[in-house]
Amino acid sequence: ALTLIVASVIFVSLKRKHAVVRAAQPPFLLLLQFGAIILTFSILTMSFDESFGWTEAMLDAACQATPWLITLGFIMIYSAIFSKLWRINEVLQFRKGNSVGIKKALAPFAAFIVAAVVILAVWTGVDPYSWVRREINSDTGETYGQCESQNFLAFAIPLQLVMVSATFFAAVMAYRTKDIDEKFSESTWIFYTIFLQLQVLMVGVPVIVILKDASADGSYLGRVLVVLTIPITTIILLVGPKAMKVLYPENPSKKTRGTSKGVAVSGLNIPVSGVSPPLRPSVGSGAASEAGR
């Protein structure tokens, strides 16, 4: 997963001046990719126990880092998607002086991140995740180690609400920009991404809950597969098509909002083909019409 994400980062960085990548707003793509990297690192913090020579303090730190990595990585992905689509939607309104800078577009992104950081900070300070090993069979001496928090639901539920909100707003903005040319708004691919990830969560989460006390290996494998699915599908479905267009360019024939000749989109500095500004009524012709009545 990290290899795929790093390769996509290199692609966006090297091809940032290419028309296809530039139209997709590279700063937001890089934020999305950075979120995918953070989310992927959570797999590492879930993959260690005492057998690797880790002390209890090290395992406690790994437990505490896991919700930070999962939550912030996920929110960064979908907040970047929302900010990216919101910006292009505002720019294409064709209102006078309607220029949306990156800093303004990042305001919703920052709001989601701050909300998550506040909840995570309180959780870490009040009732941090910690490593606990329990004996599950006194006859065989079999034990089971996992991260636990006495008030897990009190903090996990608000975090999940923030994550769901980021996903929901990204989906809404994808719907609102569905008529914009695909090179500016990947609405179709975003819907595919959300749908696929939702299916994985609906199947994976119940399986993880069932296996939690029955099989440590099965529960771990389920968590890894669920977490791994999110960054991989995001990169493949949102960055992959752009890589294909750069490698195998095509001449678009479909005319949608964001496509006419010689019109530049203010705020993005990208030449756009297919959109003409609203027509203004002719003052002269109106006066002549009144005179002829």
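Residue numbers (our numbering): 14 to 306. Heads up, the beta-carbon is just placed ideally off N, CA and C, and yes, glycines get one too.
Query: For Arg-146, three-class secondary structure by DSSP; Result: strand
Query: Straight-line gap, Val-237 to Asp-140 (C-alpha atoms, nearest Å); Result: 24 Å
Query: Residues near Gln-159 in its chain [Cβ-Cβ closer than 7 Å; skip 5 each side]; Result: Val-145
Query: Simplified DSSP state of Gln-38, which is helix, strand or coil; Result: coil
Query: Presumed contact (8 Å Cβ cut-off) between Ala-93 and Leu-172, rounded CB distance; Result: The Cβ separation is near 18 Å, so there is no contact.
Query: 8 Å Cβ cutoff met for Val-175 and Ala-128; Result: yes
Query: Rounded C-alpha distance that separates Gly-66 from Thr-58; Result: 14 Å
Query: Neighbourhood of Gly-217 by C-beta, 7 Å cutoff - its chain only, sequence neighbours within 5 removed; Result: Gly-235, Leu-238, Val-239
Query: Leu-166 versus Tyr-142: straight-line alpha-carbon distance, rounded; Result: 12 Å
Query: Other residues of its chain near Leu-214: CB distance less than 7 Å, five sequence neighbours each side excluded; Result: Val-239
Query: Segment contact, 8 Å Cβ cut-off, at least three pairs: the stretch 246-264 with the stretch 35-49; Result: yes
Query: Residue environment, Ala-75, which counts as buried when at least 16 other CB atoms sit within 10 Å; Result: buried
Query: Three-pair Cβ contact test at 8 Å for the stretch 199-210 versus the stretch 175-191; Result: yes
Query: Counted within 10 angstroms of its Cβ, other Cβ atoms place Lys-196 as buried (16 or more) or exposed; Result: buried
Query: Inside the stretch 139-209 only - alpha helix (DSSP H) runs reaching at least 4 residues; Result: 165-189
Query: Rounded C-alpha distance that separates Leu-105 from Lys-28; Result: 24 Å
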